[in-house]
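Engineer: Taking the numbering used here, the leading residue of the sequence shown gets 9, the next gets one more, and so forth.
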Amino acid sequence: MSTPPLGPDCCPTDPAMPAHAAPRAPSTSPSMPPPAAATRTVWTCPMHPEVVSDHPGDCPKCGMHLEPRAGTRTPAGVADPEEARMRRRFWLATLLTVPLVVLGMGAHALGLSHLLPGRLRGFVELALATPVVFGAGWPLLRRGAYSLIHRSLNMFTLVAIGVLVAYLSSAVVTFAPDLLPTAYLDGTGQAGVYFEAAAVIVTLVLLGQVLEGAARRRTGDALRSLLALAPNVTRRVADDGTESDVALDDVRPGERLRVRPGERVPVDGLVVDGTTALDESTLTGEAMPVEKVVGDRVAGGTLNGRGSIVMRATAVGSDTLLARIVARVAEAQRSRAPLQQLADRVAGWFVPAVLLIAAATFAAWLAWGPEPRVAHAIAAATAVLIVACPCALGLATPLSVIVGMGRGASAGVLFRDAAALQRLRDVDTVVVDKTGTLTVGRPRLVEVWAADAAGDDALRLAASVERASEHPLAGAILAGATARGLHPSDVEGFAATHGKGVTGTVEGRRVVIGTAVFLAEHGVDPASLVDRAEGARADGATALLVAVDGRAAAVLSVADETKASTPEAVDALRAGGVRVAMLTGDAKTTADAIARRLGITEVYAGVLPDGKADIVARLQREGRRVAMAGDGVNDAPALAQADVGIAMGTGTDVAMESAGVTLVKGDLRGIVRARRLSTATVRNIRQNLVLAFAYNIVAVPVAAGALYPAFGWLLSPMIAAAAMTLSSLSVIGNALRLRAASL
9 MSTPPLGPDC CPTDPAMPAH AAPRAPSTSP SMPPPAAATR TVWTCPMHPE
59 VVSDHPGDCP KCGMHLEPRA GTRTPAGVAD PEEARMRRRF WLATLLTVPL
109 VVLGMGAHAL GLSHLLPGRL RGFVELALAT PVVFGAGWPL LRRGAYSLIH
159 RSLNMFTLVA IGVLVAYLSS AVVTFAPDLL PTAYLDGTGQ AGVYFEAAAV
209 IVTLVLLGQV LEGAARRRTG DALRSLLALA PNVTRRVADD GTESDVALDD
259 VRPGERLRVR PGERVPVDGL VVDGTTALDE STLTGEAMPV EKVVGDRVAG
309 GTLNGRGSIV MRATAVGSDT LLARIVARVA EAQRSRAPLQ QLADRVAGWF
359 VPAVLLIAAA TFAAWLAWGP EPRVAHAIAA ATAVLIVACP CALGLATPLS
409 VIVGMGRGAS AGVLFRDAAA LQRLRDVDTV VVDKTGTLTV GRPRLVEVWA
459 ADAAGDDALR LAASVERASE HPLAGAILAG ATARGLHPSD VEGFAATHGK
509 GVTGTVEGRR VVIGTAVFLA EHGVDPASLV DRAEGARADG ATALLVAVDG
559 RAAAVLSVAD ETKASTPEAV DALRAGGVRV AMLTGDAKTT ADAIARRLGI
609 TEVYAGVLPD GKADIVARLQ REGRRVAMAG DGVNDAPALA QADVGIAMGT
659 GTDVAMESAG VTLVKGDLRG IVRARRLSTA TVRNIRQNLV LAFAYNIVAV
709 PVAAGALYPA FGWLLSPMIA AAAMTLSSLS VIGNALRLRA ASL
């Protein structure tokens, strides 16, 4: 009989033929692909993520202070030096602007006009405004200059021009009023000054920068708090059994560490002694503690329960799961969503358009405005420049992406980039691999059916023979026997026939395990076992027939059980209007049985790895937007082909490298959470863009004086600056709502 082809999981495509081949390579569970240059800090611009540097400094495009791209072990809530400096500048500006506003706008109301005649008051206002504009406001002016030098017009272009126009025109009025034309003077022969407007604009923009910096810091607090989960000190167990406290940075792979009750696991590793239950909610989003015994993997940052364990470190520092999660999320937060292209296109013409509108406004007021025409023209043009600052437009997309990525990380959902975050919302078909995705991925003995009353004896003999095999099904039989308190004996004359079965002698008794054909080849009539074996296969199990001393003895049913969370996840996806399809290399009988239990009607079985990618491509040609979920090397081509690839965090590194989304826990309910987050984030981005566009559509005409002919309403440059700041705050506040999004 010919040997059946192996499926992509190194198992036979026919469940009745347990080919005792080499087992599939163990996965690195749980792991994440290592970030590039994990130990090197990369600095980037908040407004221009494409600008990167290996040291701190200013962005060559806009002059903004560069920020570290990846998370560090800085405690959550601690402001960086640049934010602290900006805060000091804001308070200095406020300290000088308040008396300036009182002096400039309230002199008549307070009866101070006789104490400070017009020109003297101008010099006092000049003295107060100069340190605000050129001291506290210097970063804003510098960024405006950068934008002109590098031809990258942005919000700081408009702020710098507006502030300098207000300040310099007022300085001319103060120092050389005799040089002014009559058109510049009011009815009393005085010229207006706008020192208070320049100072208020600087102060409010600085306030916006402080609040924006605090918002970005809060979005990074989730990552910093994750890194802070790893303790700074841990307890090392020496070879002689002595224990001592050591710094976390001194731990090396291979060393043994003790984790006491209530402590956090310091690094990734394997349990070598003891049992406990770990709270992994900080990494997976699942609150249920996970039992850990000898041989199980543990991840740094998880919280130990009541048990005390000794673990052997396998990954430390930037190689731990926790550090890799932070690096991946930080990288993704800097990526640009497709929706950002809309904002980029608008920004490309928006600032030049505003400059033209400001120039046209100045000319119109100069030609047709009331006296003093020049003063009105300067005030209106300055108001247009300030009110149109695209701060809100620039924040609309990136801030939502940053907050959304952080929210996903806290729920055990990691997005590779902003594009994956946006595309997942539009997915209408989820194609799911079976082994390790829908199922646990570990075969388990689920039933022993004996032809006579000696079922335990047949299982013990079978386990004795299978102990010499390396096939995954052999391990399931051995584990099942051990769980029933049966102790295998030594086997003699072990032999394996690829694709058929194994034989051996135990305690002088000849044991044959395999297919019905294999038993027949060894002179055993399998007729009494065939019906039961077929029933097991119909239920999705692999049936192994056992014969002892030439007589049919038992049927061992081995199955890869579905994950406890799988039915709930499949039902939730269908309820959300998503079609769920199963794609597997296993035989159709097994696949159909599992699909029936889960209510999945679209099944593709017996598909090789290259065929999986072809199936996904075919669905895409039908007009479907496809997400592929898998965990193995064999799933990588399909993950890369899909509109969104979703990898299980319990799977292989190559699968996660090919995917746009990684579910840390490997729980399909994470797809439901990821889609909800994608929907919420895209909705939030669109809300922000509407807020930003609507604000400018309304504010610019008002600032230009569109309401003056009908109502006599003019927009002061100071009010324009306040409105610009409020528009940015509305976008920031809306984006921060994602931190509490229900997933």
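Ideal Cβ placement from N, Cα and C applies to all residues, glycine included.
1. Quick one: Cα of Gly412 to Cα of Ala577, how far?
2. Does the segment 205-216 come close enough to the segment 167-178 to have 3 or more Cβ pairs within less than 8 Å?
3. May I have the straight-line CA-CA distance separating Leu100 from Val421, to the nearest angstrom?
4. CB Leu446 to CB Thr609, shorter than 8 Å?
5. Within 10 angstroms of its Cβ, does Asp441 collect 16 or more other Cβ (buried), or is it exposed?
6. Pairing CB atoms from the segment 492-512 with CB atoms from the segment 574-590, are three or more of them under 8 Å?
7. Is His630 helix, strand or coil when you go by DSSP?
8. Would you please state the rounded distance, in angstroms, between the beta carbons of Thr98 and Thr211? I believe it to be under 8 Å.
9. Where does Pro38 land, buried or exposed, given buried means 16+ other C-beta within 10 angstroms?
10. Rounded to whole angstroms, what is the Cα-Cα separation between Gly7 and His384?
11. Is DSSP giving Leu722 helix, strand or coil here?
12. Report yes or no: do three or more beta-carbon pairs, one from the segment 299-313 and one from the segment 268-282, lie closer than 8 Å?
13. Cβ atoms of Ala635 and Val435: under 8 Å apart, would you say?
14. Please state the DSSP three-state secondary structure of Leu322.
15. For the alpha helix (DSSP H) containing Val690, list its first residue and its last residue.
16. According to the neighbour-count rule (16 or more other Cβ atoms, all chains shown, within 10 Å of its Cβ), is Ala621 buried or exposed?
17. For the alpha helix (DSSP H) holding Thr390, just list the boundary residues, first then last.
18. Here's the rule I'm using: 16 or more other beta-carbon atoms within 10 Å means buried, otherwise exposed. How should Pro360 be labelled?
19. Alpha carbon to alpha carbon, what distance is there between Ala135 and Phe183?
20. What residue range is occupied by the uninterrupted alpha helix (DSSP H) comprising Ser155?
21. Which residue marks the beginning of the alpha helix (DSSP H) containing Lys300, and which one marks its end?
22. Among all the DSSP beta bridges, which residues are the ones paired with Leu671?
23. Helix, strand or coil: how does DSSP classify Thr437 here?
24. By the three-class DSSP mapping on this structure, what secondary structure does Ala755 have?
25. Looking at the unbroken alpha helix (DSSP H) that takes in Phe526, where does it start and where does it end?
26. Find out if the Cβ-Cβ distance for the pair Gly282, Gly315 is shorter than 8 Å.
27. When you compare the CB positions of Ala561 and Ala459, do they come within less than 8 Å of one another, or not?
28. Note down, in chain order, each residue of its chain lying with its Cβ closer than 6 Å to the Cβ of Leu697, except the 5 sequence neighbours on either side.
29. Within the same chain, show all residues whose beta-carbon is closer than 6 Å to that of Gly488, passing over the 5 residues directly before and after it, in chain order.
30. If you draw a straight line from the C-alpha of Arg632 to the C-alpha of Val439, how long is it?
31. Start and end of the alpha helix (DSSP H) containing Glu542?
32. Return the chain-ordered list of same chain residues with a C-beta closer than 6 Å to the C-beta of Val710, the five sequence neighbours on each side being excluded.
33. Does any residue of chain E have a CB that is nearer than 8 Å to the CB of Asp425?
34. For Arg264, which residues in the same chain have their Cβ closer than 6 Å to its Cβ, ignoring the five residues on either side in sequence?
35. Just mark Pro89 as buried or exposed, buried being the case when its beta carbon has 16 or more other beta carbons within 10 Å.
36. Within the same chain, show all residues whose beta-carbon is closer than 8 Å to that of Val301, passing over the 5 residues directly before and after it, in chain order.
Structural biologist: According to the structure shown:
1. 21 Å
2. yes
3. 43 Å
4. no
5. buried
6. no
7. One point to set straight first is that residue 630 is Glu, not His, in the sequence displayed. In this structure, Glu630 counts as coil in the three-state DSSP scheme.
8. According to the sequence shown, residue 98 is Phe rather than Thr. Contact holds; Cβ gap of about 7 Å.
9. The predicted position of Pro38 is uncertain, since its pLDDT is 39 and thus under 50; a value taken from the coordinates is nonetheless stated next. Classification for Pro38: buried.
10. This structure cannot settle anything about residue 7, because the visible part of the chain is limited to 9 through 751.
11. coil
12. yes
13. yes
14. The sequence shown places Thr at residue 322, not Leu. Three-state DSSP puts Thr322 in a strand.
15. Arg677 to Ala712
16. buried
17. Arg381 to Val395
18. exposed
19. 12 Å
20. Trp146 to Ile157
21. First-last for Lys300: Val298 to Lys300, but that is the beta strand (DSSP E), not the alpha helix (DSSP H).
22. Val421 and Met656
23. strand
24. Residue 755 lies beyond the stretch modelled for the chain, which goes from 9 to 751, so this question has no answer here.
25. Ala524 to Glu529
26. yes
27. yes
28. Ala404
29. Leu453
30. 11 Å
31. Ala535 to Ala546
32. Leu723
33. The structure shown contains no chain E; it is built from a single protein chain.
34. Val245, Val318 and Arg320
35. exposed
36. Val279 and Thr283
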